[in-house]
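Engineer: In the working numbering, the protein residues as written are 16 to 346.
Structure provided below as structure tokens; questions to follow.
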Amino acid sequence: MIRRPGPAVLGLMLAASVAVAEPAPEVAAGCRALAGVLGSVSMADCLEAGLEPAGGRTVQGRPILMREYPPLAPREPQGRVLLLGGIHGDEYSSFSVIFRWMRTLDVHHSGLFHWRVVPGLNLDGLNAGPAVRTNANGIDLNRNFPTPNWHEHQQEYWVERTGRDPRRYPGEAPLSEPESQWLFSQIEAFRPDAIVTVHAPLGVVDFDGPKTPPRRLGYLDLHRLGAYPGSLGNFAGLNRGIPVLTLELPHAGIMPSHAESAAVWRDLVAWLSRHVRNPPDERPSGEEPPQRIAAGEGYSTRDSCTICQPDDGSLRQNCCLRDTAWKLLLE
């Protein structure tokens, strides 16, 4: 005869199940910051996404969350990929689409790459009510990375080009913000072989760094926008030699259809499979590492013309057209 557990035992079992299901406080706080604003991501979506505290916090103390898709033994991954959303707080779709792609990885992660996924960096900007581009200190995080002659070029870019636009204020010094400091430390520690960052609403693929850029990813065509002082593409792509693919979704407040986001993901993984094959310290014999331009070597933003201007004019847009590129970003 099987005896049913009494009320006291049932109560203990229920309490134990609740304790197991209770998310870590930092995960719950980070998910509240995301799901509390994003219409396409529920609290349950976020809590079930396998996110963990990443060790960083925003200016206002919100925890940055991260999901790791590690190597799967015995397969050796082709490389490490950092996937990043939400650098600008008012680009809602750049946060939400990351959750869609994490669900794809949940099913199809094969160990081809070691992924590190951050659905949102600028949680304070997202929660500003209404959301804003900058962080809680009013700094554009995508102009706060350490690029050569940063102080000189912030004058040219922010003062002369943007007319002191507060949405694009780079701060008083590079890496002045906890969010950019954290991302910098992640790049140093993880040593990604490619960085994929999502923005909106220009509806293009931008590219910085070595390798041949993709002509298009899904419904997004290549349009190289140029290198900007303090941008992630400038810092990691041009100065660290890490390919940086910037996916500019067409709408900040409207998600791409499932078919559109799936096509972008499919083409992105195909491009990575072709072009990210060896970690930097495991290059085939005779292959030179990408050139790194160190601070203080007289680098100018105009030097990016010699890097981006193609010999054949076929694949890469002329990113020396800096007036045009700035105009695109300021509209």
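The C-beta atom is built at its ideal place from N, Cα and C for all residues, glycine as well.
Whole angstroms is fine: what's the gap from Ile269's alpha carbon to Gly218's?
Structural biologist: For the purposes of this step, residue 269 is taken as residue 254 along the sequence shown, with counting starting at 1. For the purposes of this step, residue 218 is taken as residue 203 along the sequence shown, with counting starting at 1. Answer to the nearest angstrom: the Cα atoms are 12 Å apart.
Engineer: Suppose the cutoff is 7 Å on Cβ atoms and the five residues either side in sequence are ignored; what does the same chain contact list for Trp280 look like?
Structural biologist: Taking the sequence shown and counting its residues from 1, the one referred to as residue 280 is at position 265. Excluding sequence neighbours, Trp280 sits near Trp116 and Thr119.
Engineer: Could you give the C-beta distance for Pro185 and Asp155, rounded to a whole number, given that I count them as a contact under 8 Å?
Structural biologist: Sequence index remark: in the sequence shown, residue 185 carries index 170 (1-based). Sequence index remark: in the sequence shown, residue 155 carries index 140 (1-based). Going by Cβ atoms, the distance from Pro185 to Asp155 rounds to 6 Å, so yes, they are a contact pair.
Engineer: So if DSSP puts Val213 in a beta bridge, which residue, or which two residues, is it bridged to?
Structural biologist: One-based indexing of the sequence shown puts residue 213 at position 198. Beta-bridge pairing links Val213 to Leu262.
Engineer: Who are Pro229's beta bridge partners in DSSP?
Structural biologist: Along the sequence shown, one-based indexing puts residue 229 at 214. Paired residues: none, contrary to the question.
Engineer: Decide if His103 is buried, meaning its Cβ has at least 16 other Cβ atoms within 10 Å, or exposed.
Structural biologist: Residue 103 sits at position 88 when you count from the first residue of the sequence shown. Per the 10 Å Cβ criterion, buried.
Engineer: Can you pull the DSSP bridge partners for Val220?
Structural biologist: For the purposes of this step, residue 220 is taken as residue 205 along the sequence shown, with counting starting at 1. Answer by DSSP bridge pairing, in chain order: Leu237 and Leu262.
Engineer: Please report the distance separating the alpha-carbon of Gly135 from that of Ala48.
Structural biologist: Residue mapping note: residue 135 aligns to position 120 of the sequence shown, counting from 1. Residue mapping note: residue 48 aligns to position 33 of the sequence shown, counting from 1. Near 10 Å, if we compare the C-alpha coordinates of Ala48 and Gly135.
Engineer: Starting from the C-beta of Gly101, find all residues in its chain whose C-beta is less than 7 Å away, skip the five residues before and the five after it, and write them out in chain order.
Structural biologist: As a working mapping, residue 101 is identified with position 86 in the sequence shown. If we look at Gly101 and ignore the five residues flanking it on each side, its Cβ neighbours are Ser109, Phe110, Pro134, Gly135, Leu136, Asn137 and Leu141.
Engineer: With 16 as the cutoff for other CB atoms within 10 Å, does Gln170 come out buried or exposed?
Structural biologist: Numbered from its first residue, the sequence shown carries residue 170 at position 155. Gln170 should be labelled exposed.
Engineer: Out of curiosity, what's the CA-to-CA distance linking Gly54 and Ser125?
Structural biologist: Numbered from its first residue, the sequence shown carries residue 54 at position 39. Numbered from its first residue, the sequence shown carries residue 125 at position 110. Each residue's alpha carbon lies about 30 Å from the other.
Engineer: Should the region 206-218 be called in touch with the region 249-267, which here means at least 3 C-beta pairs below 8 Å?
Structural biologist: Yes, since at least three Cβ pairs between the region 206-218 and the region 249-267 fall closer than 8 Å, the two stretches touch.
Engineer: Assuming contact is defined by CB atoms lying nearer than 8 Å, are Pro85 and Glu41 in contact in what I supplied?
Structural biologist: The sequence position of residue 85 within the sequence shown is 70, counting from 1. The sequence position of residue 41 within the sequence shown is 26, counting from 1. No, the pair does not count as a contact, with Cβ atoms beyond the cut-off.
Engineer: Measure the beta-carbon distance from Trp286 to Pro229 and round it to whole angstroms, keeping in mind my assumption that it falls under 8 Å.
Structural biologist: Counting from one through the sequence shown, the residue named residue 286 turns up at place 271. Counting from one through the sequence shown, the residue named residue 229 turns up at place 214. About 5 Å separates the two Cβ atoms, so the contact holds.
Engineer: Measure the C-alpha to C-alpha separation of Arg82 and Cys61 and round it to an integer number of angstroms.
Structural biologist: Here residue 82 is taken as the residue at index 67 of the sequence shown, counted from 1. Here residue 61 is taken as the residue at index 46 of the sequence shown, counted from 1. Each residue's Cα considered, the two are about 11 Å apart.
Engineer: Buried or exposed for Arg292, going by 16 or more other Cβ atoms inside 10 Å?
Structural biologist: For the purposes of this step, residue 292 is taken as residue 277 along the sequence shown, with counting starting at 1. Exposed, because fewer than 16 other Cβ atoms sit within 10 Å of the Cβ of Arg292.
Engineer: Examine the ligand SAH and report whether any of its heavy atoms sits within less than 7 Å of the Cβ of Gly104.
Structural biologist: Absent from the structure shown: the ligand SAH. Ligands present: none.
Engineer: My understanding is that Pro193 touches Phe250, with C-beta atoms under 8 Å, so please give their C-beta distance in whole angstroms.
Structural biologist: Here residue 193 refers to the residue found at position 178 when the sequence shown is read from its first residue. Here residue 250 refers to the residue found at position 235 when the sequence shown is read from its first residue. The Cβ separation is near 17 Å, so there is no contact.
Engineer: Which first and last residues belong to the alpha helix (DSSP H) in which His168 is found?
Structural biologist: Locating residue 168 in the sequence shown gives position 153, counting from the first residue. His168 -> alpha helix (DSSP H) spans Trp165 to Gln169.
Engineer: Using three-state DSSP, classify Pro145 as helix, strand or coil.
Structural biologist: Indexing the sequence shown from 1 puts residue 145 at position 130. DSSP places Pro145 in coil when its eight states are reduced to three.
Engineer: Whose C-beta lies closer than 7 Å to the C-beta of Ser195 among residues of the same chain, with five residues either side of it excluded?
Structural biologist: Residue numbering aside, residue 195 sits at position 180 when the sequence shown is read from its first letter. Within the same chain, Ser195 has close Cβ partners Leu156, Asn159 and Phe160.
Engineer: Check each candidate in Pro216, Gly233, Leu253 and Phe199 and name the one with the smallest Cα separation from Phe222.
Structural biologist: What you label residue 222 is simply residue 207 of the sequence shown in a count that begins at 1. The candidate whose alpha carbon is nearest that of Phe222 is Leu253.
Engineer: Taking DSSP as the reference, what is the three-state secondary structure of Tyr172?
Structural biologist: If you number the sequence shown from 1, residue 172 lands on position 157. Helix.
Engineer: What residues in its chain sit with their C-beta under 8 Å from that of Ile202, if we drop five residues either side in the sequence?
Structural biologist: Taking the sequence shown and counting its residues from 1, one reaches residue 202 at position 187. Contacts found: Leu97, Ile210, Ala251, Arg255 and Ile257.
Engineer: Is the Cβ-Cβ distance between Ala50 and Met58 less than 8 Å?
Structural biologist: For the purposes of this step, residue 50 is identified with residue 35 of the sequence shown, where counting begins at 1. For the purposes of this step, residue 58 is identified with residue 43 of the sequence shown, where counting begins at 1. For Ala50 and Met58, yes; Cβs fall inside 8 Å.
Engineer: What's the gap between the Cα of Thr149 and the Cα of Gly71?
Structural biologist: To locate residue 149, count along the sequence shown from 1; it is residue 134. To locate residue 71, count along the sequence shown from 1; it is residue 56. Cα-Cα distance, rounded: 17 Å.
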